[in-house]
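Participant: Here it is, the structure, as structure tokens.
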Amino acid sequence: MIPGAPIVTAAEMRAAEQAVFARGVSQDELMERAGSAVARETARFAAGRPILILAGPGNNGGDAYVAARLLRNDGHDVSLVATGVPAPGAAERMHALWQGPTSSLYAARPRPMLVDGLFGTGLTRPLERGLAAVFADLSKQAEFTLAIDLPSGIDTDTGGDLGAPGGIDVSLALGALKPGHLLDAGLARCGTVLLADLDIPVDARWRTIARPSIETPSAHSHKYSRGLVAVIEGAMPGAARLAARAAMAGGAGYVVLAGDRPWGEGPDALVRREVRSAEDLAEFLAWDRIDAVVLGPGLGRDRRAEAFLSVAFAAPCPLILDGDALTLLGTGAARWLGTRDAPTWITPHSGEFDRMFAGAGSKIDRTLAAAAETRATIVHKGADTVIASPKGDVRLLAGASPWLSTAGTGDVLAGLLAAQVVQGGKGIVPAEAAAWLHARAAQLAGPALIADDLIAQLPKAISECL
Ligand SMILES: NC(=O)C1=CN([C@@H]2O[C@H](COP(=O)(O)OP(=O)(O)OC[C@H]3O[C@@H](n4cnc5c(N)ncnc54)[C@H](O)[C@@H]3O)[C@@H](O)[C@H]2O)[C@@H](O)CC1
Ligand SMILES: [K+]
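Under the working numbering, the residues of the sequence shown are numbered 11 to 476, in order.
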């Protein structure tokens, strides 16, 4: 995934394009820029093999005509399939400049290199079935398929499946990434996403996550100045212990694990505190040294868990809620979370998120709406992880190791997030840092990882951020 890259919707991309036109750049010039980026990448991947280019009726097709002409002028063996009459304007003019062989879709013969310029950000409905079948067949028989901007049949703003085939090798995003490159079906169908810089300024509050910058403790740092994390144990103590160990490895200066097993296992550096009842917890959380509380991993869903949740809610310090705490909140999440004065982060997976929030639209839209409603920063986990703040910022992580789909990795994320929070991070910043470190630790741990392995890799991941 390209780090720190802007992500824009189809409408925002069109607005950015209009702003470029307003500065005096012509439609044709912008299409030439797009088409030459496509030609350059196509030549690279074709490596001399014959090329088939599919050109649709809109500007995505316009880019395809430009690329076809440039490649042919450079001596490549190019044939082109046109679907529909090009739209008036730049696409029509680029069509008129194409002098090479053209066939209809249904007469198309497969070639080793396929370029998909059927539809891009203007796709508004599912591909017609016949078209989808021919496209899928041509792509299957090609040795390499490159999609212009997005694969035809991926919804630009949601990543929803509108009939795109599998097996696309590269999508060349034009100007900026779109949500469709990273979410839902788009995540699996785009192949490797490359970004062509067309010199179109975009003002994006949505970005892919980037490597954080982490400060080495100063000569005057001490355990309390580096932040104290309190992790609350529940029915499954292993989960809270994972969160606590992740907070320690994540750089917190002092980590306390509070529960009814003060003799429980764990590293010697982990401080234990006996907390058996909600009253004990209230007394403990009144300690003004505490900089953040983690509640939820392995908490359980019984009466006591509910009482713990109420007490934690009233605590005046930052709160990180995960797992069972989120299930207990359920549809009352917005009502409850909205009442807190201190900042809150929640880290639901999709099942937990759906139990808490209704809402329509893309995963980004739904996560943003939930963040606004709850005034919490939300890490909506999954193969595509969406982080959204109440202020409207979004960070997206796609393509993390699929080996993360194992028990306990979420507990590690919650503890790691707490460590970033107590080191002074606000809003989306600690969430982005935690998500990056978590994904990097997974990469370093490699295949068949277990949650404990992530913790072991955190120092290495952190050392890359200093
Ligand atoms: N916005 C930008 O900044 C730039 C955009 N460019 C290109 O322009 C593309 C967007 O162009 P357009 O807005 O013309 O959109 P598209 O080329 O994606 O398609 C639009 C056309 O397809 C039709 N259509 C939509 N869904 C259909 C379906 N399922 N079946 C059949 N027809 C369907 C529409 O009615 C319209 O005629 C981008 O993806 C990109 O390739 C580049 O040329 C340059 C920069
Ligand atoms: K396309």
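Idealized CB from N, CA, C, for every residue including glycine.
Closest to LEU192 by C-alpha separation, out of LEU406, ARG283, ALA100, would be which residue?
Facilitator: LEU406
Participant: Answer with buried or exposed for LEU295, where buried requires no fewer than 16 other C-beta atoms within 10 angstroms of its C-beta.
Facilitator: buried
Participant: For the putative contact between GLY420 and GLY333, defined by C-beta atoms under 8 Å, what is the C-beta separation to the nearest angstrom?
Facilitator: 7 Å
Participant: So, for LEU197: in the same chain, excluding its five sequence neighbours on each side, which residues have a beta-carbon less than 7 Å away from its beta-carbon?
Facilitator: GLY169, ALA393, ASP394, ALA408
Participant: Please tell me whether GLU42 and VAL88 are closer than 9 Å, where the distance is taken between their beta carbons.
Facilitator: no
Participant: Taking the C-alpha atoms as reference points, what is the distance between ALA379 and ILE397?
Facilitator: In a straight line, the C-alpha of ALA379 is about 12 Å away from that of ILE397.
Participant: Here's a check: name, in chain order, each residue in its chain whose Cβ is nearer than 8 Å to the Cβ of ALA152, leaving out the five neighbours to either side.
Facilitator: LEU62, PRO120, ARG121, PRO122, MET123, LEU124
Participant: Could you check what DSSP says for TRP297 in three-state terms: helix, strand or coil?
Facilitator: coil
Participant: From ALA317 to ALA249, what does the alpha carbon distance come to, in whole angstroms?
Facilitator: 19 Å
Participant: Once DSSP output is grouped into helix, strand and coil, what is the label at VAL95?
Facilitator: Coil.
Participant: Mind pulling the alpha helix (DSSP H) runs of 4 or more residues that sit fully within the segment 251-319?
Facilitator: 288-295
Participant: Buried or exposed: which applies to TYR264, given that a residue is buried once 16 or more other Cβ atoms fall within 10 Å of its Cβ?
Facilitator: buried
Participant: Looking at ALA101 and GLY68, is the spacing between their C-beta atoms short of 9 Å?
Facilitator: Yes; because the gap between Cβ atoms is below 9 Å, this pair is in contact.
Participant: Please tell me whether, using a cut-off of 8 Å, the distance from the CB of ARG135 to the nearest non-hydrogen atom of ligand 1 is below it.
Facilitator: Correct: ARG135 has its Cβ closer than 8 Å to ligand 1.
Participant: Helix, strand or coil for HIS390 per DSSP?
Facilitator: strand
Participant: Exposed or buried, VAL95, counting other C-beta atoms within 10 Å across all chains shown (16 or more means buried)?
Facilitator: exposed
Participant: Consult DSSP for SER113 and reduce its assignment to one of helix, strand or coil.
Facilitator: strand
Participant: Looking only at DSSP bridge pairs, what is TRP355 linked to?
Facilitator: ILE330, THR387
Participant: In terms of residue numbering, what span does the beta strand (DSSP E) encompassing SER181 cover?
Facilitator: DSSP places SER181 inside the beta strand (DSSP E), whose first and last residues are 180-184.
Participant: Near GLY435, which residues of its chain fall below 7 Å by C-beta distance, leaving aside the five closest residues on each side in sequence?
Facilitator: ALA443
Participant: Which residue marks the beginning of the alpha helix (DSSP H) containing PHE154, and which one marks its end?
Facilitator: Boundaries for PHE154: no alpha helix (DSSP H) harbours it, while the beta strand (DSSP E) harbouring it runs 154-158, taken from the DSSP string.
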